[in-house]
Each structure stands twice: as C-alpha cells, then as structure tokens.
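Protein chains: 2
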Amino acid sequence: MNPVFSFQLLRSDGMARRGQIVTPHGRVQTPAFMPVGTAGTVKGLTPEVVKATGAEIVLGNTYHLMLRPSAERVADLGGLHSFMNWPGPILTDSGGFQVMSLSSLRKLTEEHVVFRSHLDGAMHELSPERSIEIQALLGADVSMQLDECLRLPASAEEIVRAMELSLRWGERSKRAFEGRAREGYALFGIVQGGDDIGIRQQSARALTGIGFDGYAIGGLAVGEPQAVMLKVVEETTPVLPADHPRYLMGVGTPHDLIEAVDRGVDMFDCVMPTRNGRHGMAFTRFGTINLANARHAHDPRPLDEISPHPTARDYSRAYLHHLIKANEMLGAVLLSTINLAYYQTLMAGMRAAIEAGRFAEFKAETIAGWERGDLPPL
Amino acid sequence: MNPVFSFQLLRSDGMARRGQIVTPHGRVQTPAFMPVGTAGTVKGLTPEVVKATGAEIVLGNTYHLMLRPSAERVADLGGLHSFMNWPGPILTDSGGFQVMSLSSLRKLTEEHVVFRSHLDGAMHELSPERSIEIQALLGADVSMQLDECLRLPASAEEIVRAMELSLRWGERSKRAFEGRAREGYALFGIVQGGDDIGIRQQSARALTGIGFDGYAIGGLAVGEPQAVMLKVVEETTPVLPADHPRYLMGVGTPHDLIEAVDRGVDMFDCVMPTRNGRHGMAFTRFGTINLANARHAHDPRPLDEISPHPTARDYSRAYLHHLIKANEMLGAVLLSTINLAYYQTLMAGMRAAIEAGRFAEFKAETIAGWERGDLPPL
C-alpha cells in the first residue's frame, strides 16, 4: 500500500515555511525545487545524477509527453516513473502553458483548446478532462488542473475572463480527477488573475472553496518585472489555506526563489538551471557566472571549492570554458548538474534557516554573496 | 615516484595474448579498449561514468587539443589528466591522422606537415618534434610517433614512400622523445605499409630496429575490407617483438576486435561506440541494434537484462527509442555508456577466455550470439 498524499507544516519563520509533502512515491522536504524533465528526461542527466544533486521530485510536461511518445504509450510501459527510471515523486503540469507558448493554430473555447503540434503539425485537443486523464496515464503523484495562462501585460477584461475560465476548468478538473478514483494521489488548483491583486485573491478564494490538495500560483514569470511577481505572490499566499502546499509555477532565478519563500511559497520548478547551464551559465553562491567568457580560459580554480557537490569542485573553470567553447555535450551535462546542485543547496539552506528561525539572516547573507559577485581574477 | 612503463605478457592462447601494461598513472589489463576522449572529453560522459564502464585508459587527440585549448594551455593547467579530471592512464595520438582527415590545405614535406585548422582557418605546423613536444605538454603516459597515414587503395609507390617517411619520422620522434627525458613514460612506433604485406613487414622490422616501448599498426580501418585489414594484422604481429604491446589504431567493431585479438593485438581505440551511440545504435551481445527503429517503440525490455552494467538493464528499449526520436541528449549519453560498457565487457570476456585457455570457444560463442541477432519481438 503506497503512502497517501499529505502536507505537514513543520515550522514557520515569518511567512517562510518548512514543511514535508508525502506522496505515493516518497517524501519531499519543502521549500522544494523540482527539476524539469520535459520529455521524460531532465535534459542530459541520468536519474542518478538528478538525485545526487539533492532533488526529491521532478516535473514532467504533459504537453511534450502527450505528443511524444503519447500518454497511452507511457501507460502501457508502466507509467512515467518506470519509463524514465525515476522512482521518486513526479508532478506533471496540465499542458496548458505549453499549448499557449509552443503550439500554433490554437482555438480556445469553453469546452477545450485545440492546437497544432509543434512536432508534426497534427491537431490535438486538450480539455480539463483529457488533461487529467493524461496525467493519470502518466501516473503523476501530483496532477495540475488545466488553466488558461495569459501573457502579461493583458487587459483587465482578458485577465478576468481567463481567471474565470480557469476556475470553471478547475472545477471540471476536480470532478474528472475524483472520477478516476486515484486515492492517495493529489490534484492542485491554479490561481490566475494576471497582475491584478483583487482578481488573484478572488481566484485564490474560489479555488479554496472548490478544495484542492495544493494550490499553485500560475501565470507569472511570463515577462512581468520581478517586483510585480513578488507583489502578486505576497498578496496571494495569505489568502491560501496554510495547511496545503503552495507552488509558484515556472519560477525562477535563485533570487526569485528566496524572495518567494520569504512570501510563503513551498514549491518551484524552472528550466533555468538546465537551459542556462546548456548555454554556459553557472548559478553559484557568487551569483551567475558566464563560463563562455574568456577570463575563465586559464583559470584553474573550480566554480566553488567549498560546494557540497563534487561536480562544482572537481572541474576547473578553464575546463568548463573549454567544453562550452568547443560545444562539447559534457559542458551542458556538467553545468546542468552544477546548477541543479546549487539550486538544491540553496533550498536546503533555506530549509535549515527556517528550522533555526534565522531565515531573514540567511536571505541577507545569501543575497550579499550574490551581490559581492565572482571571485577576483587570479 | 610514479611507476615506470612496462608490459608483461601473462598468458598466450594461440596468437591471443593476455597482458598487463604499467604506466605512471596506473595499470591496464590487456587486451584493452581505449575510449576516445577527442577534445579532452569522452563525448557527453563524466570520467566517473567512463571508469564505471570498465575503461582503464583513455585516448586524447593531439590534433584537437593543439588547436583548442592548445597544448601549452593544458600544460599550464596541470596537464591533460588534471584538465579532464581523469586520473588514470592516457594515450595520445600524434595528430597525423586528423591532419589528413579533418584539415584542409595540407602541405607535406620531409620536415613537417603544414595545415589549416578546421576550426578557424589558422595555419599550423606539425613535425615529429612538435608532436612529441605537444604530447609531453599534455602529459601523455603513452605518446605516439608522427606518421603519414594514407587512404586505401593507394599505389605501391605511394605506400612505400609514406612508409619510409613514417620510419624517418619515427626515428626523429624517438630522438625528440628521449631528448625530453620523460623517464617512465612510453613512446610507440607505428607500422605503415598500406595493404602490402611485404612493406608492412619491412616497416615492422625497421621499427623494431629503432626500438620503441610498444608498436602500433596504423593506416588500417581507412576503407579497406575487413579481410584485408585482418590479413595485414596477422602477417604483421609475428614480426613484432613479443615482449611489447601491440596496438591496432582506430579499430573497430566488436567483430574486428575479437578477430584482431585472435591475431595477437593487445590494444584498440575507436570512436564507434560513442559516435554510433549518439546516432541511436547499440552494440550488444545480440549484435548491433538500431534504437531508432519503430519496432522498439513499445518494447518494455532493456537492451540486455543480464548485462553486468546497470545502464543496459535499467532503461527500456522503448525509452531509449523515445530519447533518440526526440533527439534528447540523454539518449546519446545512455547509448554511449551502454556501448562503451559492452566493449569493456567484451574485452573482459576475451581476457578471461585467454587466461582459461579457451579463447577459440569464447570467440565462436560470441560471434554466434551476434549472428543469432536480436531478441524476437514480444
């Protein structure tokens, strides 16, 4: 008998929360960062490497997997955990965000969204019910409701319309989820409302009324300034129930993460550590470092000699620079690993600080480290 | 004090030899396969993964490293072992083969070869002395003499001219190597002579007269039929001294390897397991398997459920197919790992068979496995 989904709030420090999520495939300590395993793989990394960075849960993309190899194929093969050889917890998104950002020829109605695959041009349909069905076929520990995610800025009228549609889709998602009788598994609702605080709070209250296992804040990190995003977060989390996890979708930089935890967020996902890593950018306690820069070409020092993760200690900046300049696959692999490990180190630091009641100090020290910047040249 | 290079012949079984090479950076059991770490990296794989496949020595390419980041840069950074974080033995080639195959505007004289970099068009010069200097800067445990490698077929006149030039370059390489006083490190000579047995044997005898720490057979696997290659090998090894290792350069398929060991070869290198892996081809005890083929799309079985290496057991054929079709980096990583592990499993099998005096049976069983082919469809 697998464990049943639950969330336990262990400690608070200001708005920052230290918690534990239990899922059918294992526990997740929060605040938690989820590496993105888009098409059934965290790009370039084996599950062993992902786990060694400290990750306890990964995210899978419904949009990518429904197009290739298809949810039915993954289900036939035993589900996403087995397919990608990741035995731990998996959260899947609903597919809505990628339909908006990647596909063409979208037609959105009350019933569903119809879109053309970016892979082969085939037409597909995604409704709240189909999204929940796909996520069940994948075997996600945590499913997300289908929502409509706008780009910002958007008109007040558009923001209200999309939020209300997302609420109705939330209700349909919940009915569909319950109809599948996946006891012990979780469904999260998604707060929408653009950058309008009143509409965001209205969305949060209505979702709480419907009742979900957790609550996400969606539709942010879509081009708005960081201050706008943080304002929305800090005005939304107090409206959400304290005894459920809160997930800020698609966010973000290390600075975004620490500010959002300070505003009561428990979970995050973002492609930034892996995508930027593939392009030569490292996230470190010294801030971001562009390894493609020529100043690293003869620097024998590792990125961070006191990192708890060996990959950040065992390779010189000069070697990483060489791999990036030579477009070597290992450069992408090592920097993705180093970045995910830094994100996990940051989350672990936040968790320890909350436990110790010194989150504010930890935040100030961490930001000061980023602001001091990289090591001086040799 | 590092150990000094040596070769010990432990056991023979027919022409097949079981031996041990000692180098300043560790021991190598022979017959041995060396993964190719072209530009300071076995493409996509960390040194830990390479080691876990069973590899004890890797090859570095002088041509690639001299162009980027340059031998002087690698030396400043502590040498190639430190640069690529591979503490074990390294053999470097002389650069001659890639000058012929990758660069343009070559001008070959008695003195040296002048060529244009395929990276930035800059002109470079490679002489026997400069090649030895570069390999010393890299810190190679085993250096190779500079030689001229022809494409086959070639005229008898050309074959003789190139073999004789290679001999003179072998003498200059040896003088240059001795002048650098790298005690305990090794220099190998290279037999040339195209597909002409008489010229090959003349080359082998002359090289033995000069005296090297090991003897390579070069200029094969350049387009000639396998039977021609094996004929050259079997007529060349008896002319080489039994108390030194023999290295067949740039070879080959698993079948090439088992046939060459049967003809007295001790060492191999080839890009095939990694390059073909990146393109979806797996080497297994069932022969080669093309994972891009649609018949694997819904096959939950691993490539080889009794492989001693977990990567060949832990991922389904369907998942590998998915990764290759989706052009996911992890597909290249996993298949490169699986292929290198298969090559090392094959070498370990050959070593055990020679020790047990049953190489002929092992060879027959192994080839029969390849000929039976892949598992039947489910």
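Which chain is which? The protein sequence lines are A and B, in order. Heads up: the first sequence is residues 3 to 380, going by my numbering. Heads up: the second sequence is residues 3 to 380, going by my numbering. In this text, a Cβ means the ideal position worked out from N, Cα and C, and glycines have one as well.
Annotation for Gln147 (chain A): no alpha helix (DSSP H) segment contains it, and DSSP assigns it neither H nor E.
Within chain A, not a single residue places a beta-carbon under 9 Å from that of Pro33 (chain B); the smallest gap is close to 27 Å.
By the Cβ neighbour-count rule, Glu261 (chain A) is buried, with 16 or more other Cβ atoms within 10 Å of its own. Contact residues of the stretch 33-48 of chain A toward chain B are Thr40, Ala41, Gly42, Thr43, Val44, Lys45, Gly46, Leu47 and Thr48 (C-beta to C-beta distance below 9 Å).
Taking 9 Å as the upper bound on Cβ-Cβ separation, chain A lies near residues Tyr317, Ser318, Ala320, Tyr321, His323, His324, Leu325, Lys327, Ala328, Glu330, Met331, Leu332, Gly333, Ala334, Val335 and Leu336 of the stretch 317-337 of chain B. In the three-state reduction of the DSSP assignment, Ala156 (chain B) falls in the coil class. A distance below 8 Å separates the beta carbons of Leu336 (chain B) and Thr313 (chain B).
Among the residues of the stretch 288-303 of chain B, those with a Cβ less than 8 Å away from any Cβ of chain A are Ala299, His300 and Pro302, in the order of the chain.
The three-state secondary structure of Thr347 (chain B), taken from DSSP, is helix.
For Asp95 (chain A), there is no enclosing beta strand (DSSP E), as DSSP marks it with neither H nor E. Using a Cβ distance threshold of 8 Å, Phe270 (chain A) and Ala18 (chain A) do not count as a contacting pair.
Annotated three-state conformation of Glu127 (chain B) is strand, per DSSP. Inclusion of Val234 (chain A) and Ile199 (chain A) in the CB contact set at 8 Å is warranted, their separation being smaller than that value. With respect to chain B, the C-beta atom of Leu377 (chain A) has no partner C-beta closer than 8 Å. At the C-beta level, Ser318 (chain A) and Gly279 (chain A) stay beyond 8 Å of one another. Excluding its 5 nearest sequence neighbours in each direction, Met331 (chain A) has C-beta neighbours in its own chain below 8 Å: Gly46, listed in chain order.
In terms of Cβ geometry, Ser175 (chain B) and Gln204 (chain B) do not form a close pair [threshold 8 Å]. In the DSSP assignment, Thr290 (chain B) falls within the beta strand (DSSP E) that extends over Gly289 to Asn292. Put simply, the backbone Cα of Pro302 (chain A) is about 35 Å away from that of Leu325 (chain B).
Any Cβ of chain B closer than 8 Å to the Cβ of Leu79 (chain A) would place that residue at the interface, and such an atom is present.
Here the alpha carbons of Ile23 (chain A) and Arg374 (chain B) stand approximately 50 Å from one another.
DSSP lists A:Phe190 as the bridge partner or partners of Gly216 (chain A). Sequence-distant Cβ neighbours of Glu127 (chain A) in its own chain, meaning closer than 7 Å and more than five residues away, are His114 and Val116.
For Thr276 (chain A), the three-state secondary structure derived from DSSP is helix. The alpha-carbon of Leu342 (chain B) is positioned some 25 Å away from that of Asp15 (chain B). For Leu12 (chain B), there is no enclosing alpha helix (DSSP H); the residue is part of the beta strand (DSSP E) that begins and ends at Ser8 to Asp15.
Contact between Thr210 (chain A) and Pro240 (chain A) does not hold, since their C-beta atoms are separated by about 12 Å, which reaches or exceeds 8 Å. For Gly371 (chain B), the uninterrupted alpha helix (DSSP H) run begins and ends at Phe361 to Arg374, by DSSP. Of all residues in the stretch 61-77 of chain B, those with a C-beta nearer than 7 Å to a C-beta of chain A are Arg70, Pro71 and Arg75, reading in chain order. In this structure, the straight-line span from the alpha carbon of Glu159 (chain B) to that of Pro227 (chain B) is close to 21 Å.
Here Gln100 (chain A) is near Tyr65 (chain A), since their CB atoms are less than 8 Å apart. Take the alpha-carbon of Pro5 (chain B) and the one of Arg29 (chain B): they are about 9 Å apart. Contact annotation: Ser168 (chain A) and Asp149 (chain A) have beta-carbon atoms nearer than 8 Å.
When the five nearest sequence neighbours on each side are left out, the beta carbons in the same chain lying within less than 8 Å of the beta carbon of Asp245 (chain A) are those of Phe9 and Leu11, in order along the chain.
In terms of Cβ geometry, Leu93 (chain A) and Ile59 (chain A) form a close pair [threshold 8 Å]. Here Met125 (chain A) is exposed. Its C-beta has fewer than 16 other C-beta atoms within 10 Å.
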